[in-house]
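Report on the following structure.
Chains as they are written, first to last, in my numbering: chain A, 1 to 502; chain B, 1001 to 1443.
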């Protein structure tokens, strides 16, 4: 035993080099196994988490490694891409950036993507699985598809008319094609150039900081993302509710409205702007033509809270997800109020607040015989080669009133333009229906009033649905006569003319 | 069975044609990789692809011809694996050059590869029997120690004094020293293995060898590790330590050495980690590679490395399509594996690990097949060097162990590394030839 060389020749019965060598070899093999296991852990199981770590620039580099798909107005692209020569190969460019900023939003390497650039980002950047010809294989091979194109519903002439009309004032325009819900114009002023900060350089950062610091908030999309008290334009909703629910059966017949109308439970009478209104029992038609607060406030209370809320909701109020597909701010009509609050709300005051988009839906719903269509900003999505990925079809939103009632409200609105406060919106050779609004706001109504106008128009003698409905709001003007009729109606007119004149 | 004198009992297959086929396949793979880089970056095959392929092909065929001439019974695998790894390294370094302004490391690497193959040829031709190395074991150890001490007189590079810089040339003596050290360990342990295993006093139930036997080897080893710690070359000191423990165990079969080794390593690691802020931060980065991001200091090298691996996924982005530039200055040396993981994916990475595993396994096999204890220990030692180094580097960049900063054998940029590994392959080829050569009676 002492020097026996058994088991591989080791001394004293100990294992020899053949055995220990094999063991050491096995140890090295185990090291390799450990490496393979760790590699699998990192590259397969933790890959997703690591790829999406904010400090990992790969996703961003990949995203900007090819030109982004484009946003189109009509057949023309309003966006582009240009090579940067930097780490991110391409950056976004905008033709007429300020003109379409409220439609496109921005796509910035440093500040992300908003509005259509944001909601359609997967398609534009090429990651949308619908762009792949062989989705499964492309996913495995990590093939990057060229970005697709987004065709908007915007009408170039209408958009230009809206921006020209708004000019240097703070305001917004939303125009809709009533029969389909297609958004024809979406304008917000003051505007900005989304191309000024599309890159990631110091210049881009400066431009962004300047815009952020601007007290006029040029990057706020006032047509979609800002609500204003709608004032008298809301009377169209109240009139529709009163007729739809049988509170008024004949617009020309006297109503039971008292004068003065004291808000229920208070001693405060609801005052009017013009003496024509200061008589008991005025008809709905007279009340609309002269925008009588006392009559419409009284009628709102007669309709009742529940039915007023219902009609307002049919036009898009209280809907937090009215995506176009960009998400607008929620327009509000309170669901719990006492009668005096309801009376004020029925003339567009108290807590009532609406985006220009929803007020355009009100005008469009009336023009489309009571059927409110879901507003849409995108017409179709295509691949880069033009193949359609998705075609948007018109979708009904709600039936706000019967076609007969809609006809009555249409007549009320044409009366406003022909004989009332909306004369500034008259268009030769066209039938125009509208409603003005001048909403007081601020502490003790000290702020410059919001000037509103909502309208629709169609060629004279046409039996078809009006091709355009529009809402205009001027939020801050230095004009002396701040009323919807004086300030907002001419802008609405030029937008409608642009559509009718096509 | 009767033996007929003077006639072979069986024909021994030399496997030289297998080696030739594998060498050509390795060159072909490297050329295809080179072409892929060009296609993915420029959309066209690089103009010099043919010359590059020819250069690598000539080198590989020369080496093969020398093996055919002087080591015809050698293991047919080490040479093709060396060619393939070296070729992959050249491709990836060329690819990284393209992402670096003014990067021209690939031609330099090709030059060093040429020198490496030249040394391979020299070793195979001049060293007829590895046993002759035994005579130079002590001198070699001394030379290695001098080589290791020299960088102290040169300026530190990235915090470590492990480089000797002469004009435009720089090399890491630690790389050469590891072969000399393996030779010394093998020679010493081959002579003293019985004494180390059997004699000595029993202390606390453990049998300690006599100081006379253990002393010299311990002294040499401590000198090496001491110098390396002073130079803060943790990778190499870890490698030398591991090599010592493995060879001691293989020689003496006493697993107690492993226990003692691990204990000493743990004490040293904690001590160094506690004393050196450099090491301390590396341990922190290992434990929490994404921590610096949460602290707002951005992604550190390990995080960038993990991002690169993750981006590669199962199949990789394809050579030239990754974003190695994000990894930083060490992309061509310490972190070259991250680029391989990103562009060749898990598939490519595991293939690479298996390639190394195969080379290491053939080394161990040669060791076991040899008859002389010195040769056995040397082959096993050399194979262990490759295996341990791959584990230390790859484990570091994959966040399996703390990062210590070593080069990936054959693949990483760096002349010393390429040249040293060609010598290791040459020694394995030489020893496998002797191990597989039919004995005199059989020829």
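Every residue, glycine too, gets a C-beta built ideally from N, C-alpha and C. None of the values given here were measured: they were computed from a predicted structure.
CA-to-CA, the gap between residue 1222(B) and residue 1237(B) works out to about 10 Å.
Rounded to whole angstroms, the separation of the alpha carbons of residue 1172(B) and residue 1024(B) is 31 Å. Note on residue 134(A): under 16 other CB atoms within 10 angstroms of its CB, so exposed under the neighbour-count rule. Cβ contact annotation for residue 1195(B) (same chain, cutoff 6 Å, sequence separation greater than five): 1213, in chain order.
Not one beta carbon of chain A lies nearer than 8 Å to the beta carbon of residue 1103(B). For residue 81(A), there is no enclosing alpha helix (DSSP H); the enclosing beta strand (DSSP E) has its first and last residue at 79-83. Listed in chain order, the positions of the stretch 1309-1333 of chain B with a beta carbon within less than 7 Å of a beta carbon of chain A are 1309, 1310, 1311, 1312, 1313, 1314, 1315, 1317, 1323, 1326. Residue-level contact check: residue 57(A) touches chain B, since one or more beta carbons of chain B fall below 8 Å from its beta carbon.
By the Cβ neighbour-count rule, residue 1391(B) is buried, with 16 or more other Cβ atoms within 10 Å of its own.
For residue 1105(B), the enclosing alpha helix (DSSP H) begins and ends at 1105-1126. In the DSSP assignment, residue 496(A) falls within the unbroken alpha helix (DSSP H) covering 489-500. Close partners of residue 1384(B) in chain A (Cβ separation under 8 Å): 24, 28.
Look at residue 1376(B): its C-beta is under 8 Å from a C-beta on chain A. Straight through space, the alpha carbons of residue 1109(B) and residue 1039(B) are spaced by roughly 22 Å. Contact annotation: residue 1339(B) and residue 1092(B) have beta-carbon atoms nearer than 8 Å.
Residue contact check for residue 43(A) against chain B: a CB pair falls below 8 Å. Taking a beta-carbon distance threshold of 8 Å, residue 66(A) does not count as an interface residue toward chain B.
The DSSP-derived three-state label of residue 467(A) is coil. Taking 8 Å as the upper bound for CB-CB distance, residue 178(A) and residue 465(A) are in contact here, some 5 Å apart.
Among the residues of chain B, none has a CB under 8 Å from the CB of residue 127(A); the nearest is roughly 15 Å distant.
In the pairwise beta carbon analysis, the stretch 361-378 of chain A is classified as not touching the stretch 343-353 of chain A: fewer than three pairs are separated by under 8 Å. For residue 1293(B), at least one C-beta of chain A is nearer than 8 Å to its own C-beta. One finds nothing in chain B with a Cβ atom closer than 8 Å to the Cβ of residue 110(A); even the nearest lies about 16 Å away.
If you draw a straight line from the Cα of residue 399(A) to the Cα of residue 224(A), it is about 22 Å long.
Taking C-beta atoms as the reference points, residue 1130(B) and residue 1375(B) count as a pair closer than 8 Å. Excluding five sequence positions before and after residue 161(A), the CB atoms of its chain that fall closer than 6 Å to its own CB belong to 494, 495, 498, given in chain order.
Annotation: the continuous alpha helix (DSSP H) that includes residue 1093(B) extends over 1078-1099.
The stretch 202-228 of chain A is shown to contain whole alpha helix (DSSP H) runs of 4 or more residues at 202-213, in chain order. Residue-level contact by beta carbon holds for residue 18(A) and chain B, with a gap shorter than 8 Å. In this structure, residue 1123(B) and residue 1427(B) form a Cβ contact; the two beta carbons are roughly 6 Å apart against a cut-off of 8 Å. In this structure residue 1148(B) is buried. Its beta-carbon is surrounded by 16 or more other beta-carbon atoms within 10 angstroms.
Around the beta carbon of residue 376(A), 16 or more other beta carbons sit within 10 angstroms, so the residue counts as buried. Under DSSP, residue 399(A) forms a beta bridge with 371(A).
By the neighbour-count criterion, in which a residue is buried when 16 or more other Cβ atoms sit within 10 angstroms of its Cβ, residue 341(A) is buried. At a cut-off of 8 Å between beta-carbon atoms, residue 53(A) makes contact with chain B. In the same chain as residue 344(A), and ignoring 5 residues on each side of it, the C-beta atoms closer than 6 Å to its own belong to 350, in chain order.
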